[in-house]
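Asker:
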Amino acid sequence: MVKAVVGANWGDEGKGKITDMLAEHADIIVRFQGGANAGHTIKNKYGKFALHTLPSGAFYDHTTSVIGNGVALNIPILFKELKEITEKGVPMPKILISDRAQMVMPYHILFDEYEEERLGKASFGSTKSGIAPFYSDKYAKIGFQVNELYDEERLKEKINRVLAQKNILLEHLYHKPAIDADELFNTLMEYKKVVDPYVCDVSAFLDKALKEGKTVLLEGQLGTLKDTDHGIYPMVTSSNTLAAYGAVGAGVPPYEIKEIITVCKAYSSAVGAGAFVSEIFGDEADELRRRGGDGGEFGATTGRPRRMGWFDCVASKYGCRLQGTTDVAFTVLDVLGYLKEIPVCVGYEIDGDVTTDFPVTYKLEKAKPVLKTLPGWETDITGIRKYEELPENCRKYIEFIEQEIGYPITMVSNGPAREDIIYRESPLKK
Numbered sequence: 051m052v053k054a055v056v057g058a059n060w061g062d063e064g065k066g067k068i069t070d071m072l073a074e075h076a077d078i079i080v081r082f083q084g085g086a087n088a089g090h091t092i093k094n095k096y097g098k099f100a101l102h103t104l105p106s107g108a109f110y111d112h113t114t115s116v117i118g119n120g121v122a123l124n125i126p127i128l129f130k131e132l133k134e135i136t137e138k139g140v141p142m143p144k145i146l147i148s149d150r151a152q153m154v155m156p157y158h159i160l161f162d163e164y165e166e167e168r169l170g171k172a173s174f175g176s177t178k179s180g181i182a183p184f185y186s187d188k189y190a191k192i193g194f195q196v197n198e199l200y201d202e203e204r205l206k207e208k209i210n211r212v213l214a215q216k217n218i219l220l221e222h223l224y225h226k227p228a229i230d231a232d233e234l235f236n237t238l239m240e241y242k243k244v245v246d247p248y249v250c251d252v253s254a255f256l257d258k259a260l261k262e263g264k265t266v267l268l269e270g271q272l273g274t275l276k277d278t279d280h281g282i283y284p285m286v287t288s289s290n291t292l293a294a295y296g297a298v299g300a301g302v303p304p305y306e307i308k309e310i311i312t313v314c315k316a317y318s319s320a321v322g323a324g325a326f327v328s329e330i331f332g333d334e335a336d337e338l339r340r341r342g343g344d345g346g347e348f349g350a351t352t353g354r355p356r357r358m359g360w361f362d363c364v365a366s367k368y369g370c371r372l373q374g375t376t377d378v379a380f381t382v383l384d385v386l387g388y389l390k391e392i393p394v395c396v397g398y399e400i401d402g403d404v405t406t407d408f409p410v411t412y413k414l415e416k417a418k419p420v421l422k423t424l425p426g427w428e429t430d431i432t433g434i435r436k437y438e439e440l441p442e443n444c445r446k447y448i449e450f451i452e453q454e455i456g457y458p459i460t461m462v463s464n465g466p467a468r469e470d471i472i473y474r475e476s477p478l479k480k
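Read the sequence shown against this note's numbering and you will find it ends at 480, with the numbers running on by one and no gaps.
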């Protein structure tokens, strides 16, 4: 069977931990979209890791980690990650790379940097990982698939054809040095040497695995609100972050996806620009940021301080609906133990009207949060393993949010470690 682990919100929800945890009972973990522009933080017996391309289940010796065709494959970063984890004592993971995956080219990263520089104050807050230029080229049909490394003459012809366009932009729009075709070809031949042992027809591999009854985990990057179609456009990523795209980005039939575990934080956070209705500022935000996550709320890729906010029921209900949620994993609940009262955003006021439906961007930018304040539990809940042993106000907080979003919260994460998880019977689970 296939399960998907995806984010409900802006990313940074704690998907890495949930994937790492579920991978114990999975055979194959597939990254199906996005690139090295966002990271998943994992804490286990080997230490603490920030993974950007490598699937989060790579720490088990019984799993196969797969880079699907939907991924923006940055080859140097993937193999740097492999080196980093194995140097810390992690056994070398079994890796497969789709022969249809497209590569992040060195110039994609340059173009990302140059465009953000050119836009100045109007920039998108990019991580400068080359993602927007990569996906632009993919859909303009001038991207490079891994399999193209194996026909050198055709590859040289294509490099010359693509660089004719790229070098005009570099010279006349950005006023930067041109790219040398021979140098680029040599770089790609180095990439080929590195990836060659791992390249395969991933879709055929997954088809065989499913016929053999194997369990496949699809690991999404970022969350619903960063989806290129359904997110807070244009302040989105350049790929589809929804579980539905997992079928496309991995090459499996959509009907094989039986469970969609959507990860929500017990409060909100976001990296990058864009509308964020429940955002808080000043000392209140600094305190939550400092206490948040495992060592504070800072981007796993950029190290940037995350923007902080209270839990947003409107955004989370929308995020869960678009994902097709079967189960909600509710993370970092332990962080809120310092608060006497906890505000929750239950609606948006837009032009004098209150709505619980998530709006399009131009309306979202005018929205003001409608807050309901719930009593806190003012105690450390880390280490609790049974739902009924949580403080009453903590349980009430979970149950209030569950009713507001309308999707079953079946997992509650109350600490950074893999074992800090509470499984729960939800009345909404059918």
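For glycine and all other residues, C-beta sits at the position ideal for the given N, C-alpha and C.
Tell me whether A379 sits in a helix, a strand or coil according to DSSP, three-state version.
Answerer: As a working note, residue 379 is residue 329 in the sequence shown. In this structure, A379 counts as strand in the three-state DSSP scheme.
Asker: F161 and Y224: beta carbons closer than 9 Å?
Answerer: Mapped onto the sequence shown, residue 161 falls at position 111. Mapped onto the sequence shown, residue 224 falls at position 174. Their beta carbons are under 9 Å apart, which means F161 touches Y224 by this criterion.
Asker: Can you tell me whether M153 is buried or exposed, with buried defined as 16 or more other CB within 10 angstroms of its CB?
Answerer: Translated into positions along the sequence shown, residue 153 becomes position 103. Per the 10 Å Cβ criterion, buried.
Asker: Does H158 come out as helix, strand or coil in the three-state DSSP assignment?
Answerer: The residue labelled residue 158 in the question sits at position 108 within the sequence shown. Helix at H158.
Asker: Taking 9 Å as the threshold (C-beta atoms), are N290 and I181 in contact?
Answerer: For the purposes of this step, residue 181 is taken as the residue at position 131 of the sequence shown. For the purposes of this step, residue 290 is taken as the residue at position 240 of the sequence shown. The answer is no: Cβ separation not under 9 Å.
Asker: Return the first residue and the last residue of the alpha helix (DSSP H) that T69 is part of.
Answerer: In the sequence shown, counting from the first residue as 1, residue 69 sits at position 19. Residues K65 to L72.
Asker: According to DSSP, is Y295 part of a helix, a strand, or is it coil?
Answerer: Numbered from 1 along the sequence shown, position 245 holds the residue referred to as residue 295. Note: Y295 maps to helix in three-state DSSP.
Asker: Note down the Cα distance separating W427 from F129, rounded to an integer number of angstroms.
Answerer: The residue you call residue 427 lines up with position 377 of the sequence shown. The residue you call residue 129 lines up with position 79 of the sequence shown. Looking at the two C-alpha atoms, the distance is approximately 44 Å.
Asker: Can you grab the Cα-Cα spacing for the pair T405 / L383, in whole Å?
Answerer: Taking the sequence shown and counting its residues from 1, the one referred to as residue 405 is at position 355. Taking the sequence shown and counting its residues from 1, the one referred to as residue 383 is at position 333. Going by the C-alpha atoms only, they are around 26 Å apart.
Asker: Terminal residues of the continuous alpha helix (DSSP H) containing T312?
Answerer: Translated into the one-based positions of the sequence shown, residue 312 becomes position 262. Where T312 is concerned, there is no enclosing alpha helix (DSSP H), although the beta strand (DSSP E) it sits in stretches over I307 to K315.
Asker: Could you tell me which residues DSSP pairs with M153 in its beta bridges?
Answerer: The residue labelled residue 153 in the question sits at position 103 within the sequence shown. Bridge partners of M153: L123.
Asker: Measure from the alpha carbon of A100 to the alpha carbon of each residue in E329, E74, N119 and D62, then state which is nearest.
Answerer: Residue numbering aside, residue 100 sits at position 50 when the sequence shown is read from its first letter. A100 has its Cα closest to that of D62, out of E329, E74, N119 and D62.
Asker: Quick one, which of G359, D70, A417 and V286 has its alpha-carbon nearest K95's?
Answerer: Taking the first residue of the sequence shown as 1, we reach residue 95 at position 45. Answer by Cα proximity: D70.
Asker: For K436 and P284, what's the separation of their Cα atoms in angstroms?
Answerer: By 1-based counting over the sequence shown, the position of residue 436 is 386. By 1-based counting over the sequence shown, the position of residue 284 is 234. Looking at the two C-alpha atoms, the distance is approximately 42 Å.
Asker: I'd like to know whether the C-beta atoms of Y5 and T312 end up nearer to each other than 9 Å.
Answerer: For the chain, the structure presents residues 51 to 480; residue 5 sits outside this window and is missing.
Asker: If you draw a straight line from the alpha carbon of L213 to that of E74, how long is it in whole angstroms?
Answerer: To locate residue 213, count along the sequence shown from 1; it is residue 163. To locate residue 74, count along the sequence shown from 1; it is residue 24. For L213 and E74, the distance between alpha carbons rounds to 45 Å.
Asker: How about T429 and D470: do their beta carbons lie closer than 9 Å?
Answerer: For the purposes of this step, residue 429 is taken as residue 379 along the sequence shown, with counting starting at 1. For the purposes of this step, residue 470 is taken as residue 420 along the sequence shown, with counting starting at 1. Not closer than 9 Å, so no.
Asker: Mind listing, in chain order, the continuous alpha helix (DSSP H) runs of no fewer than 4 residues lying wholly within the stretch 426 to 463?
Answerer: As far as the stretch 426 to 463 is concerned, its whole alpha helix (DSSP H) runs of at least 4 residues are 442 to 455.
Asker: In three-state terms, what does DSSP make of L146?
Answerer: Reading the sequence shown from its first residue, position 96 is the one you call residue 146. If DSSP states are grouped into helix, strand and coil, L146 belongs with the strands.
Asker: For V121 and Q83, which I take to be in contact (beta-carbon distance under 8 Å), what is that distance rounded to the nearest angstrom?
Answerer: Taking the first residue of the sequence shown as 1, we reach residue 121 at position 71. Taking the first residue of the sequence shown as 1, we reach residue 83 at position 33. Indeed they touch by this definition, with Cβ atoms about 6 Å apart.
Asker: I need the boundaries of the beta strand (DSSP E) containing I79, first residue and last residue.
Answerer: Counting from one through the sequence shown, the residue named residue 79 turns up at place 29. Unbroken beta strand (DSSP E) run through I79: I78 to R81.
Asker: Buried or exposed: which applies to Q271, given that a residue is buried once 16 or more other Cβ atoms fall within 10 Å of its Cβ?
Answerer: If you number the sequence shown from 1, residue 271 lands on position 221. Result: buried.
Asker: Measure from the alpha carbon of G507 to the alpha carbon of each residue in E475, P466 and L478, then state which is nearest.
Answerer: Residue 507 is absent from the structure shown; the chain starts at 51 and stops at 480.
Asker: Do the CB positions of Q195 and L292 come within less than 9 Å of each other?
Answerer: Counting from one through the sequence shown, the residue named residue 195 turns up at place 145. Counting from one through the sequence shown, the residue named residue 292 turns up at place 242. For Q195 and L292, no; Cβs fall outside 9 Å.
Asker: Measuring CA to CA, which of K144, N210 and V252 is closest to E299?
Answerer: For the purposes of this step, residue 299 is taken as residue 249 along the sequence shown, with counting starting at 1. First, the amino acid is wrong: residue 299 is Gly here, not Glu. It is V252 whose Cα lies nearest to the Cα of G299.
Asker: Taking its Cβ as the centre, do 16 or more other Cβ atoms sit within 10 Å of P419, making it buried, or is it exposed?
Answerer: In the sequence shown, counting from the first residue as 1, residue 419 sits at position 369. Buried, by the Cβ-count rule.
Asker: I believe R354 touches G346 by the beta-carbon criterion, under 8 Å. Please report the beta-carbon distance rounded to the nearest angstrom.
Answerer: Your numbering for residue 354 matches position 304 in the sequence shown. Your numbering for residue 346 matches position 296 in the sequence shown. Wrong, their Cβ atoms sit about 12 Å apart, outside the cutoff.
Asker: Tell me the rounded alpha-carbon separation between A76 and T265.
Answerer: Here residue 76 refers to the residue found at position 26 when the sequence shown is read from its first residue. Here residue 265 refers to the residue found at position 215 when the sequence shown is read from its first residue. Rounded to whole angstroms, A76 to T265 spans 5 Å at the Cα level.
Asker: Quick check: L234 and I218, are their CB atoms within less than 9 Å of each other?
Answerer: Counting from 1 along the sequence shown, the entry for residue 234 is found at position 184. Counting from 1 along the sequence shown, the entry for residue 218 is found at position 168. Result no, Cβ atoms of L234 and I218 do not sit closer than 9 Å.
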